[in-house]
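In numbering that gives the first Met the number 0, the protein residues as written are 0 to 503. Heads up, the beta-carbon is just placed ideally off N, CA and C, and yes, glycines get one too. Read the structure below first, then the notes.
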Amino acid sequence: MKILDAPQIRKLDAWTIEHEPIKSIDLMERAARQCFHRIKRLLKPGLAIRVFCGMGNNGGDGLAIARMIAGSGFPVSVYKVVHSQQPSPDFLINEERLKKVRRAELKEITSDSDLPDIGPGELVVDALFGTGLNRPLKGLPAKVVQHINQSEAFVVSIDLPSGLFCEDNRGNDFKKVIGARLTLTFQLPKLALLLPGYSACSENWEMLDIKLHPEAIDAAETLNFYLQAGDIRSFYKPRNKFDHKGHFGHALLLAGSYGKAGAAVLAARAALRTGAGLLTAHLPAGLVPVMQTSLPEAMCVADEGHSILTHPGDVLPYNAIAVGPGIGKDPQTANALKLLIQNTQMPLVLDADALNILSENPTWLSFLPGGSVLTPHPREFERLVGKFADDYERLEIARAFALKYQVYLVLKGAHTAIISPDGRIFFNSTGNPGMATAGSGDVLTGIILGWMAQGYTPLQSALAGVYIHGLAGDMAASRQGPESLIASDIVAHLPKAIKKVFHS
């Protein structure tokens, strides 16, 4: 699914109006109707409902939503925030329609003295501004936003939290941005909703299909995408009756050090559960009994080091290689990583301490095999590239990094981002906060390794790995709650996640 910027969204609306064809007021009505159906689930007798409307089309959406709420039997207070002398034509039409509806009280806010008291638990619909802002709010709109934020109301924002820019929020004043509990965004995700640094502006968001013209969406060019099941289903290769384990690759995992055998076991188990035909774990000698006991399906190569990895061993027999989970940063281990990079031409999967070693030896990055997959969490990425101002700048840096070194970056977190050397970024749609737990990243490394061993490209492996990892985590969280989720639970739910995506 494409993620478009604010100018593209305006063109998409205009194309739909011209080619569906549909009047702009009717398209607004369709969008408002979808919002109302979602908001209706929040309504209950006695609930105070307040709708704050700007003077543009986002405000027009709010007026139409308020009319529908009132029409369903719930009294609603509507506040027209007079910040312009030029309301949009569709705003004016919906304002006249609202005046004819019982149970809807329309008031004007022309100064902060007109602001109503908002009680805890009330429902506030934020329809002040949509996707068109590119400057911080000031004056009366800023005071309205701050007033709403100071309340303890449940805030639902329409399309975007008012004050939030659609993409790049560097230079924005977040004290003047609505903090929404729920954002109802139209048709396609907005980039700002996918960046963790802006999460305080909207705890949750949902997409509403308002039937914008599919031809216009198809024609729009973008480098940003929202990863969904259909995207990975499109390149899935089903197994044939006469296939054998050799058809599904031999994976090599270099992992573990004293006290961190679990990272190796989690990654190895995930690789096999993902479908690798064979897996060999290259481990410190002292960890081999742990692996053989925990995962009898894995073969093992014992390193000369008892507690640490000291060399990469023979890498020629393998179809895919991953390194990093639990290996530590001992100088001998760093040298083993250096030798692996020097002696390997196939793309590597690098995680955890492999990334930390690279951050301490940045000249090695230029020698990484093309197409390698790096899976840093935020602090690991910061160690690799240095400080960045915010998450939008982090994406720009990540794009440049992937291009320079011809690697794929998997920036882990909520809506994990997969960055391709060609500049495309794919934001994941699965996953939950319960996955912020020890070992979750080791599982992801194993999953990506498992797909690569089966012959999927590095990009396909990263996309499928991230999506399936998040889906398995969602299944685990739905069963036992996010607080109790541990990394082993993600592995345990991999079979169900894979079955749901590829075999349902």
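| Asked | Found |
| --- | --- |
| Bridge partner(s) assigned by DSSP for D389 | DSSP lists no partner for D389. |
| P86 classed as buried or exposed, judged by whether at least 16 other C-beta atoms fall within 10 angstroms | buried |
| Collapsed DSSP secondary structure at M508 in the structure displayed | Because the chain in this structure spans residues 0 to 503, residue 508 falls outside the shown range and cannot be described. |
| Per DSSP, the bridge partner or partners of I320 | L251 and L347 |
| Nearest neighbour of L308, chosen from L282, Y317 and V348 [CA to CA] | L282 |
| Minimum C-alpha distance to K175 - residue among M206, E166 and F128 | F128 |
| Own chain residues within Cβ distance below 6 Å of S150, not counting five before or after | I117 |
| Residues near L383 in its chain [Cβ-Cβ closer than 7 Å; skip 5 each side] | L354, L357, S358 and P375 |
| Residue environment, Q453, which counts as buried when at least 16 other CB atoms sit within 10 Å | buried |
| For D167, the three-state DSSP class (helix, strand or coil) | coil |
| Segment contact flag, the region 314-326 with the region 339-355, C-beta cutoff 8 Å, min 3 pairs | yes |
| Pair within 8 Å by beta-carbon distance, A266 and L251 | no |
| Distance between V300 and R268 (C-alpha atoms, nearest Å) | 16 Å |
| The region 236-251 contacting the region 421-431, beta-carbon criterion three pairs below 8 Å | no |
| Integer Cβ distance of L97 from L91, believed to fall under 8 Å | Going by Cβ atoms, the distance from L97 to L91 rounds to 11 Å, so no, they are not a contact pair. |
| 7 Å Cβ shell around Q331 - same chain, five flanking residues per side excluded | G304, I307 and T309 |
| Segment contact, 8 Å Cβ cut-off, at least three pairs: the region 363-373 with the region 169-184 | no |
| Beta-bridge pairing of A280 - partner residues as DSSP gives them | L252 and C299 |
| Contacts around D505, its chain only, beta-carbon distance under 8 Å, and the 5 residues preceding and following it disregarded | For residue 505 there is no data in the structure shown, the boundaries of the chain being 0 and 503. |
| Proximity of F185 and A30 at Cβ, strictly below 8 Å | yes |
| Between the CA atoms of G276 and R40 - distance to the nearest angstrom | 48 Å |
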